[in-house]
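Have a look at the structure below, then the notes.
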Amino acid sequence: MSLLIALRTINDEMRRKIKEISGQDISKCFQCGTCSASCPMEEHLQAPPRRIMTLIQFGQSEALDLLNTPWVCASCHNCMVRCPRGIDITRVMEAIRLLRLRQNINQVEPSNLQPEEVVDLPQIAMVSGFRKMTS
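Just so we're aligned: 119 in the working numbering is position 121 of the sequence shown, and the numbers increase by one with no gaps anywhere.
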């Protein structure tokens, strides 16, 4: 029983932190799927925004850490504009990234990029990517 209480506490803490950082009430999401249908990056995501919201609602922080969705999110706000509940999922994705970065785990290591890769990348995209994916 104590393990169950400990897991519930961890899950509640993750949901509380995401709500605190994003300012969004994830519990309002009723899984209509509008966010996923609106997402221009959906084909590149390991899990669509709808599934991310489900994972947060159920406190599945371990599964959330394994997915690329928060990192691939284009922050275009299509999901927020079309959400019938008014949830700004872009802010939720940002909160997930911030929590992950607070663990000091970079999603991309600039020093590991090959010179020929760097030459072909737009500088603004590189700076934006580094800000988004490194601590």
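Note that beta-carbon positions come from the ideal geometry of N, C-alpha and C, so glycine has one too. Quick caveat, the model's predicted, so the values are computed rather than measured.
Among the options, which residue has its Cα nearest to the Cα of residue i?
i: I94; options: N66, N110, E115, V79; result: N66
i: S73; options: R98, M131, T52, M91; result: M91
i: E18; options: L96, M131, E107; result: L96
i: L99; options: V79, M131, R89, I87; result: M131
For my contact list, residue i and residue j are in at a C-beta cut-off of 8 Å; report their separation, rounded to the angstrom.
i: C37; j: C77; result: 6 Å
i: I54; j: L62; result: 7 Å
i: G57; j: R13; result: 6 Å
With distances taken between CB atoms, is the gap from residue i to residue j smaller than 8 Å?
i: R134; j: G21; result: Coverage of the chain is limited to positions -1 through 133, which leaves residue 134 absent and any answer about it impossible.
i: M39; j: V70; result: yes
i: F128; j: P108; result: yes
Exercise. Only counting runs of 4 or more residues, tell me where the alpha helix (DSSP H) segments fall wholly within the stretch 49 to 117, in order along the chain.
Key: Fully enclosed alpha helix (DSSP H) runs of 4 or longer: 59 to 64, 67 to 70, 76 to 80, 87 to 99.
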